[in-house]
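>
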Amino acid sequence: MSFIVTAIIVVLSLFTPREMPSNTLSAIEKKPHIQSNKKESNQFSKPIKKEEKELLARLVHAEAKGEPYQGKVAVATVVLNRVEHEDFPDTVHEVIYQKNQFQPVANGHINQKPSKEAVQAVDDALKNHDELTDALYFWNPDISDVEWMNKLDVVKVIGDHHFAI
């Protein structure tokens, strides 16, 4: 085999779908209406008010207490993804308070003061809005009893949370 043919095979093998997780491929095939939110800049594209940033930090604190830092950033990212997605409300406040979406809203934990780590996680999600750009849902399968969530395409597991599209 010539050097050029070998080089082409090596390069092509780097881009084959076999290395992509099967659940990611099935998500792409099943849900063509969901497009990536990736932008030239990886920062969140919509303006966010100081009050909404605080609210998001409170949600992250309540939802991801005890989770690794990356999980806190991912929870914030899911909310930001929803703000940018056509199937969800257009503001952080509306997404968080959308009926039956987040347990801390229902149980009042949304009103707790956020930790410094939760505030930092929100800042990082706003600045580096490229990890989990398509994830619209998260849940802990050990405590969630919402059956339809188990049918979603999981794109990442961080700590006890599953993140899905």
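Just so we're aligned: the sequence shown equals residues 322 to 486 in my numbering. Every residue, glycine too, gets a C-beta built ideally from N, C-alpha and C.
Could you pull out every residue in the same chain whose Cβ sits closer than 7 Å to the Cβ of Thr412, ignoring the five residues on either side in sequence?
Glu373, Val404
> Tell me whether Ile464 is buried or exposed, calling it buried when 16 or more other Cβ atoms sit within 10 Å of its Cβ.
exposed
> Buried or exposed: which applies to Pro435, given that a residue is buried once 16 or more other Cβ atoms fall within 10 Å of its Cβ?
The residue is buried, with at least 16 neighbouring Cβ atoms inside 10 Å.
> Compare the C-alpha of Asn461 against each of Asn471, His382, Asp455 and name the closest.
Asn471
> Using the rule of at least 16 other Cβ atoms within 10 Å of the residue's Cβ for burial, across every protein chain shown, is Gly387 buried or exposed?
exposed
> Under three-state DSSP, which class holds Ile479?
In this structure, DSSP gives Ile479 an extended state, which the three-state scheme calls strand.
> Any chance the stretch 388-402 sits against the stretch 426-433, with 3 or more Cβ pairs inside 8 Å?
Not touching, per the Cβ criterion.
> Starting from Tyr390, trace the alpha helix (DSSP H) both ways and give me its first and last residue.
390-405
> Hey, quick one: how far does the beta strand (DSSP E) through Tyr458 stretch, first residue to last?
Here the beta strand (DSSP E) through Tyr458 covers 458-460.
> Alpha carbon to alpha carbon, how far is Asp455 from Asn449?
14 Å
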